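Numbering-wise (my numbering), the sequence shown opens with residue 3 and increments by one. The next block holds one structure in the form of structure tokens; read it before the comments.
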Amino acid sequence: MRRWRTGLYQKKALERGLTLIQPEEAGQALVMQAIYTLKRGDKTAAQALLLPQIDSLIARGAQAIIMGCTEIPLIVAGHERAIACPMIDSTASLVRAAIRWYESWPDTRASLTGEQRLTA
């Protein structure tokens, strides 16, 4: 439950004029329980715990859901169409940002030998 208190997304959201809605304390506990349930191998039970929390956020006005833990997209998989707002996969977003960052640098790979390119 402490993950929400790290402020990882809050600062950038505020800079962009966005308001973040997070689950209530009991909802946060259920989200964490869903994550641990998935880690134990029970995806169906994890979905039963998590999906109502997503619905609750939407009912409270959420226009998008940040899936800020790597397990959440795994739990949601197969139910995306039933969720009434966009789902943002933080891991996929980080990968896209890393690729954009890498591609913004001058092409240093051209000077590498074939063997070096394979490991780069």
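Cβ coordinates follow ideal geometry from the N, Cα and C atoms, glycine included. Owing to the predicted nature of the structure, the values given are computational and were not obtained by experimental measurement.
Quick check on the DSSP output: the beta strand (DSSP E) that includes residue 68 runs from which residue to which?
Taking the sequence shown and counting its residues from 1, the one referred to as residue 68 is at position 66. 67 to 69 is the extent of the beta strand (DSSP E) around residue 68.
Work out the CA separation of residue 106 and residue 65 for me, nearest whole Å.
In the sequence shown, counting from the first residue as 1, residue 65 sits at position 63. In the sequence shown, counting from the first residue as 1, residue 106 sits at position 104. Cα to Cα, residue 65 sits roughly 31 Å from residue 106.
For residue 43, is the classification buried or exposed, using 16 other Cβ atoms within 10 angstroms of its Cβ as the cut-off for buried?
The residue you call residue 43 lines up with position 41 of the sequence shown. The residue in question, residue 43, is exposed, as its Cβ has fewer than 16 Cβ neighbours within 10 Å.
Does the distance from the CB of residue 29 to the CB of residue 49 come in under 8 Å?
As a working note, residue 29 is residue 27 in the sequence shown. As a working note, residue 49 is residue 47 in the sequence shown. Contact flag unset, no.
Classify residue 78 as buried or exposed, calling it buried when 16 or more other Cβ atoms lie within 10 Å of its own Cβ.
Residue numbering aside, residue 78 sits at position 76 when the sequence shown is read from its first letter. The residue is buried, with at least 16 neighbouring Cβ atoms inside 10 Å.
Best match in 100, 104 and 25 for proximity to residue 62 [C-alpha to C-alpha]:
Residue mapping note: residue 62 aligns to position 60 of the sequence shown, counting from 1. Closest by alpha carbon: 25.
Pick helix, strand or coil for residue 85, following the three-state DSSP scheme.
Numbered from 1 along the sequence shown, position 83 holds the residue referred to as residue 85. Coil.
Looking only at DSSP bridge pairs, what is residue 91 linked to?
Here residue 91 corresponds to residue number 89 of the sequence shown, with the count starting at 1. BP columns for residue 91 point to 69.
Roughly how many whole angstroms lie between the Cα atoms of residue 14 and residue 34?
Counted from its first residue, the sequence shown places residue 14 at position 12. Counted from its first residue, the sequence shown places residue 34 at position 32. Rounded to whole angstroms, residue 14 to residue 34 spans 23 Å at the Cα level.
DSSP three-state assignment for residue 14, whether helix, strand or coil:
As a first step, residue 14 must be located in the sequence shown, where it is residue number 12. Note: residue 14 maps to helix in three-state DSSP.
Is residue 100 near the ligand PLP, in the sense that its beta carbon is under 7 Å from a heavy atom of that ligand?
This structure does not include the ligand PLP; it has no bound ligands of any sort.
Residue 55: first and last residue of the uninterrupted alpha helix (DSSP H) it sits in
The residue labelled residue 55 in the question sits at position 53 within the sequence shown. Residues 45 to 61.
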